Structure formats: C-alpha cells, structure tokens
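Student: A single structure is presented below for examination.
There are 2 protein chains.
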Amino acid sequence: MITKNRLDLGIDPKRVKEIISRLEPYLKNKLLPFWLKNSIDEKYGGFLSYFDKNGKATGKTDKTLICQLRMIFTMASAYRAGYGEDRCLKAAKQGLEFVIEYSRDREYGGWYWITDRQGKVLDDSKIMYGQSFGVYAMAEYGLASGEPAGREYAEKTFDIIQRNAADTSNGGYWEMFYRDWSLKQGGVYGGDRKTLDVHMHLMEAFTTLYEMTVQPIHKRKLQEIIRILTEKMLDPEFGTGMAQFDEHFQPLPAILFHDVWGCDRTANGEARPLNNTNYGHNIEMAWLIIHAFNLLNCDITLVKSLIKKIANHAYEFGVDWEHGGIFVEGPNHGPATQTLKEFWQQAEAMTGFIDMCLLFKEKKYWDAFENMFNFIWNKCINHEIGEWYALLERDGTVKWDYLGHEWKISYHTVRAVIQTLKRLRELLNIL
Amino acid sequence: MITKNRLDLGIDPKRVKEIISRLEPYLKNKLLPFWLKNSIDEKYGGFLSYFDKNGKATGKTDKTLICQLRMIFTMASAYRAGYGEDRCLKAAKQGLEFVIEYSRDREYGGWYWITDRQGKVLDDSKIMYGQSFGVYAMAEYGLASGEPAGREYAEKTFDIIQRNAADTSNGGYWEMFYRDWSLKQGGVYGGDRKTLDVHMHLMEAFTTLYEMTVQPIHKRKLQEIIRILTEKMLDPEFGTGMAQFDEHFQPLPAILFHDVWGCDRTANGEARPLNNTNYGHNIEMAWLIIHAFNLLNCDITLVKSLIKKIANHAYEFGVDWEHGGIFVEGPNHGPATQTLKEFWQQAEAMTGFIDMCLLFKEKKYWDAFENMFNFIWNKCINHEIGEWYALLERDGTVKWDYLGHEWKISYHTVRAVIQTLKRLRELLNIL
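These protein sequences, in sequence, are chains L and S.
With numbering that gives the first Met the number 0, the residue at position 154 of the first sequence is 153, and numbering never jumps.
With numbering that gives the first Met the number 0, the residue at position 25 of the second sequence is 24, and numbering never jumps.
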C-alpha cells in the first residue's frame, strides 16, 4: 500500500473538488460548445471571430491570423487534454487547412496577417505576434493529432522566424515586417522595437515545439529566449515585465503600434510611463517559464526566486481583494493605476496563481487563485452563452461586452480552464 | 573630349604599370595553372590540396571542406574576373559536384568538415569557419556561372546558419557544432566562444551572397554582422581586432581549438595575451568592410576613421620596413612580438594597402603596398612552381616550405593577385 506524502496547506480539498465540479462541466457543456457551434465557418473554412454580447455574429468576417491560429491551438489542445472528442480535432483540422491554403505565403515564407472571409489577403504584413502562434498552433496540432502536417508547418515557421526575425547583432527578435521580411519603419510601425509580449509568445511557442520534436536546436532557441526574457526584459528589482525596448534592450515608454491591437482600452496616443507593469502579463509569463523549465527538464530552483518576485508583485498590487479579480497595470512599487479588469488577465492569473500554489506550496497563492476563480465565475463569464465578456469595471460591471473580435477568441479562456483543471487535480493529489 | 580628374599622389604610373605587367602574366601563366594542373582530382572529383615545396602531391588526400570550397570560390572568381577561360569554371563546377554529392549533410543541413579522397565522411562536425565558405563559394559560383545551383546552395547554407548558429540571446554566431547542430563543449572544443575570424568570414560570405541575390534579408544580416565586427570585436582605441570572446563579447585570451587549424605556428598550448592583434587579419577585415560598404551602397565616410585606424596600426607596427612584408602579430601600442611572415598575411596586406591607397589617396599606403609586393615577389612566391611558400623567417628565408595543406590553397594567393590587379587599374585611372 502506497502512502502519499500529503501536505497540510490549510486548503480544504472539498473546495478544490467543488471548483473542479463547476469548471469541468462549464468547459464541456458551455465554453467549448460555444466556439464549436459559432466559430467554425462552414461555408469557407477557418473560423469566424466577431461575436456580440449574446454570442451573435456581428457581421464582421475578416480572418485575422491571430484568431485562426489561436482557434487551431485551442481546439487541438482541448482534444489533447481529453475534451470535446473528435469535434475539437476536426475543428482544428479544418482551420489548419484554411490557413495553409490562404494565410501561408508560398513565396517568402511565414503567414499573412489578415485575409477576408474567403481567404483573400487583406494585409500581407509579417508580424511576429502572429508568426509565433504559427509555431504554437502547428506544434499543438502535431502533438494532438500525430499528423505530420502539424510538425511540418511548425518547423517551417520556426525556420523562417530564425532566418528573418532574429537580431543577430544584439540578440532578440524584431517584430514588424513587410511581406518580404524587410523591416517596417520605426515609431508606430514598430520596426525599431522589441517587446516583452512577442518574446513571451515566442517562448510559449518554442516550448510546445520542443515538446513535440525534442530537437537540440529547438531546445537551444527556447533556452536563449528564456534568457532574453529573464535577463533583459524584467525589472531587476521587482521581477516585473517592461513592455518595450530598443535594439539594445534599453526600456522605452510603450507606445501603441499601428498594425496590431495592442490594447483593449482606448489609446490616447501617448506613451505609457516606463515604471508601469501589467500584472496579468507577468503572472502569465511566470507560469509559462515554469512550464518551459519542466519540459526542458531544467532545475526550477534556478528561477524560483525570480518567479516568486513576479508572483508576489501581482499578489500584492494586482489582486483586488475588495471586488475580486486582477487589475490591469500599475507602477512597480505601489498600487494599481489602471483598475479595470480585462478578461485575459483574469484567465492568466487564475492559471498562474494555482501554478504558484503548486510550486511554492503556500496558501496565499491559493487565496489569490480562489479570488480569481470567484471573480471569473461571478462576473466575467456570460453563463448563458458560454464565453467571457471582454472588459469589466473594477466592481465587475460589464464595460465592453463583446465575446469575440480580431484577437479575443478561445485562446485565453479555454486554455485557462484546461490548465487550471489540470493543476487543481495535481493539488488534490498532494492535499 | 573627356578630361579626367587626375591626382598627383607622388606615385609613378610607370611603376604601377610595371607591377601589373608582372602580376598579370604570373597569375595567368603560373599561379592559376599550378592549381588547375595539380589540384583537380581527376579520379574522384573535388580537389587535392597537399603539396610539398616542389608542388608534388605529398600523398595526403583527405578533403577538407575549407579547401574544397576555397578552390570552388577561387576558380569561380578567376572566371568572373576574366581569367583562365572555361578551365577555371569547369574546375569549380566539378568541385561543386563533389561537395554537393559527398560533403553535404542531407539530413541536418550544412556541410561536413572532412571527407576522404573518395568522399567518405571522416569528420562530420559542423564548423562555422567551413559553413561560411559554403555561402561564399556557392555565391561566387552563382555569380560566375549564372547556374541556379550556386544560388540554391548559397541560400540553403545561409538559411541553415541562421537557423542553427546565431546566438539569439546575445547576438553573433556560435561556431563549433556536432553534426546535428548541437553545440560542442567549451574550452578547446570552442563551443562557448565567438571569434573575430569566423565573423569576418561570414561578413565576406554575406557580402557576395547579397551581391548575387539583392535580397533584403541578406542585406540586413550583412549589416548586422558588420555591426558586430565594428562595434564589439575591435579595440575601441586602436581599431585592432581582438581574436576571441565569450558569449557577451567580453574578450578572452585566445586559445587554439581542437577541431580547426587556427595557427600556422607550433602551438605551445598557452593562451595568447589579450593585448595582441594580427596585422594581416586587420588589414584583410578593413578591405572586406570597404568592399561590403560598396556593395551595400552605404556611405563609406561612416567607417573611414575606423578603417584609417586599422590601416595605420598595420602600417606603423605591422610593416617590416627593413626586410619587407608584414609581421604576424603584436600588442596594440607597440612593435610586433611575432616577426615571422605568413603567406596569407602578405596576400591580404597587398590587397589591403592598395585598397587604402585608393580610399585615402595617400602615398604612404602605396609605399606599404609596394613593400608587400616586393616581398611577395622576391621571397614568398616559388616562381618555378607558381604558388607561395607557407611561412618565412623575418628576413625572407623559407621556414615552412609546403605549398598546400589542409587549409592553405589558392584562396588567399589567387584572390590577392586578382583583387590587386583590379585596384592597380583603378589607381592608374586616377593618376
């Protein structure tokens, strides 16, 4: 008889089970079905992504690379995690066929930024935010399906990124390119900046690529990008992320770029202050680093103190202990300055805090997780329809009520629920 | 009638013509014929490279990647410059066929380091010193022949370098890899070092690649590597090259690597001092930078002061005004410590000083050029056979007398004569 080493963390296993018993049926019966029912474009293939508060198509039908690839990722990952049966894999497969047929640049390599519903290219830019999801989605599809196309296109996207986007003078990756991979201008066109966001998404993508291929080069590039993030893009004192940098990784006041949708909120055209960090992004990066370390079979103690800094900053200044949920952003050393609640930050903080609870075995992170779960369950989710509202006021009043648009799709919400369920079960095993 | 702007530099045009009248027949009737006659392996294809002082094959027949590719480059470049008629192009073509058949790694990409005479792989390492010549030789062949194979393999080699060798954390390129492109260990295996030598050869290769393709990505990578060289690998005060660096471009005392032939002279196993620079390498880099700027259509005034620093250091401390020729190496601030005369440094200094004379329009560089020419003509060249001796004492006495070995082949000598002739004619046009 095996005796398990159980820990008394002051967490009631019944509460853990209760949350599982809510999240899992919600995922199976509401969240995945919403996307499976509404998003698949039965007429032209690929996915539709613009939905109002009632889950009705808004009539906008352009197909952004981000949404196509995020749906492929989500559906493949749901299948790999054991949800949705063949419907999820089939959804992913038809999405894959659409992007391979219409979004893929056969001449210069990589993926176009926007097509119309039928697949006609509307914006042929090569933007790393999208290319990174090319690796991530194709690798997840390869892992989920075992079909060679997933591996083939994940590797091709990786190769084209290495060829065209790396800055071989200073390290890191450039982000904004024309179709032929020549760099865009600087300033609002972004051709002279490097961002935390894109490097984080490349790390996430290279992690899943390496999980699939176990190739030395994919391992090395993953290690290199982890080092860029941890050594060059975080505030050395607080561990918090800085948003934008020049070529030498000198932090710059963050501006909104012309060709991406970098911000949920209305932009007034001014740069953000330098001393400003995004809690949800930080906690997302923390759990993605832990995930990468696990797959690399690296000793997590090497980054534990850094991860703790990030988690504690989000815990102290990001969590809204009064109304629940996590704020948008604020300075390193004090309370939040932007107290709205974005859907994706709630999602990443839910995954992140349960991950911190597992890593550090401390109840405080469970408390933060439970806070996130409650706010999401009671305020973010449109339970009648299935998906989450885009943006809430601090108290949970819905501010922007749409459920899907040019980049808001199933990626953050479905991934958060799947990853949280996985971690809740791991937690139950040690309680 | 066109009136030319003629300059009075104190250089006698008759002397310029006289040097042309010696070098050109030597190139056509002695130097190229030596390699065309002796080096082509009529039995197995590719090139033989081991020759004693009489130009006789030594019996060693392994085929190093360096020598195969350098011969392809040299023969193609001679053809493009109008020498040797079809014989040079045919020689290059059969060499190309050999390496594509035997030296090319069909599975992992890139080129093997050493094969035997028949083409069986003896060392399957991927060493950037060799890979860089993959780009250089294939691009030159493409330019010379117009055949698509040259462009195809130059681009493939470029792509595999970008995928596998760039250090995307810190910039620059790693150099020592196993067959599957996993990095070799550090120390004498070199897996933790970056070198001036390899970065200079990559610049030279990317220059010719860009000359052929005019692709934006080849331009950008060329610009990036010029910046690595000029901003990170030169002594800021003297403009002189430092040999080896850690990943962050911190200079390291140079050691001899296990898998390359980094040194003509007997190595005693000790690292070189940090304050030590190689005159011939510096002047070679200077003219290669000028060449790259010209092809990039960049304003050469941006680097003129740097180029002048390099040239003047070699002029002041490298040139042996007593016995002629250029010394091997010495500290930044004082006279040479190694006063032997290596064949390849004489070759590069001949091209380099005539290039400096054209760029700066100063007679001092003509004097240095003439010094090099005289020493080469009177001491280095084995006129009976055609090729140059490997290493001379300071006074010109032959020390190492072989004419070819694992990396000494036609590359430095033929290129120097072709490039010098081209520049002498340009000089005549302005005198």
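Don't be surprised by glycine CBs; every beta carbon is placed ideally from N, CA and C.
It should be emphasised that the depicted structure is a prediction, and the values quoted were computed from it without experimental measurement.
1. Is residue 364/S near residue 355/S, with beta carbons less than 7 Å apart?
2. Could you please tell me which residues of the region 164-197 of chain S, in chain order, have their CB closer than 8 Å to any CB of chain L?
3. Name, please, each residue of chain S whose Cβ falls closer than 9 Å to the Cβ of residue 161/L.
4. In terms of alpha-carbon separation, which member of 119/L, 138/L, 274/L lies closest to residue 213/L?
5. Using 8 Å for Cβ pairs, my map puts residue 142/L next to residue 69/L. What's the rounded Cβ distance?
6. Hey, would you say residue 240/L sits closer than 7 Å to residue 206/L, going by beta carbons?
7. Considering only their Cβ atoms, is the gap separating residue 201/L from residue 129/L smaller than 7 Å?
8. Do residue 117/S and residue 177/S count as a contact pair if the criterion is CB distance below 7 Å?
9. What I want to know is whether the C-beta of residue 107/L ends up closer than 6 Å to one or more non-hydrogen atoms of the ligand FAD.
10. Anyone know if the C-beta pair for residue 94/L and residue 113/L falls short of 7 Å?
11. Secondary structure at residue 336/L, three-state DSSP: helix, strand or coil?
12. I'd like to know if residue 215/S contacts chain L, where contact means its C-beta is closer than 7 Å to some C-beta of that chain.
13. Beta-carbon within less than 7 Å of residue 302/L's beta-carbon, same chain only, minus the 5 sequence neighbours each way: which residues are those?
14. Compare the Cα-Cα distances from residue 401/L to each of 58/L, 36/L, 73/L, 40/L and report the closest residue.
15. For residue 17/S and residue 167/S, what's the separation of their Cα atoms in angstroms?
16. What span of residues does the alpha helix (DSSP H) with residue 258/S cover, start to end?
17. Measuring only the C-alpha atoms, how far is residue 264/L from residue 398/L?
18. From the DSSP output, in three-state form, read off residue 429/S for me.
19. What are the boundary residues of the beta strand (DSSP E) that residue 398/S is part of?
20. List, in order along the chain, the chain L residues whose C-beta lies closer than 8 Å to that of residue 224/S?
21. Could you spell out where the beta strand (DSSP E) holding residue 197/S opens and where it closes?
22. With a 10 Å radius around its C-beta and 16 neighbouring C-beta atoms as the bar for buried, classify residue 411/S as buried or exposed.
23. Determine the extent of the alpha helix (DSSP H) in which residue 134/S is found, giving its start and end residues.
24. Let me know the secondary structure DSSP gives residue 435/L once reduced to three states.
25. Would you list, in chain order, the members of the region 28-41 of chain L that have their beta-carbon closer than 7 Å to a beta-carbon of chain S?
26. Ends of the alpha helix (DSSP H) at residue 287/L?
27. According to the Cβ coordinates, are residue 238/S and residue 305/S closer than 7 Å?
28. Less than 6 Å between C-beta atoms, sequence neighbours within five positions excluded: which residues of the same chain meet that for residue 134/L?
29. How big is the Cα-Cα spacing for residue 296/L and residue 223/L?
30. Which word fits residue 269/S, buried or exposed, when buried means at least 16 other C-beta atoms lie within 10 angstroms of its C-beta?
31. Take residue 101/S and list the residues in its own chain whose beta-carbon comes closer than 7 Å to its own, dropping the five residues that flank it on each side.
32. Spell out the partners DSSP gives residue 122/S in its beta bridges.
33. Counting only the same chain and skipping the five closest in sequence on each side, list residues whose C-beta sits under 6 Å from that of residue 108/S.
34. What does the alpha-carbon distance come out to for the pair residue 220/S and residue 190/L?
35. Hey, how far is the Cα of residue 24/S from the Cα of residue 87/S?
Tutor: Working from what's here:
1. yes
2. 165, 166, 167, 168, 169, 170, 171, 172, 179, 180, 181, 182
3. 158, 161, 162, 163, 165, 167
4. 138/L
5. Rounded, the Cβ-Cβ distance is 16 Å, inconsistent with contact.
6. no
7. no
8. no
9. Among the components of this structure there are no ligands whatsoever, and the ligand FAD is therefore not found.
10. no
11. coil
12. yes
13. 229, 288, 292
14. 58/L
15. 51 Å
16. Element bounds for residue 258/S: n/a, residue is neither H nor E.
17. Annotation note: pLDDT 44 at residue 264/L (below 50); position unreliable, coordinate value reported separately. So the alpha carbons of these two residues sit roughly 10 Å apart.
18. helix
19. 397-399
20. 167, 168
21. From DSSP, residue 197/S is part of no beta strand (DSSP E) but of the alpha helix (DSSP H) over 195-212.
22. buried
23. 127-144
24. Because chain L here runs from 0 to 430, residue 435/L falls outside it and cannot be looked at.
25. none
26. 278-295
27. yes
28. 153, 156, 157, 204, 208
29. 15 Å
30. exposed
31. 114, 118
32. 113/S
33. 159
34. 15 Å
35. 16 Å
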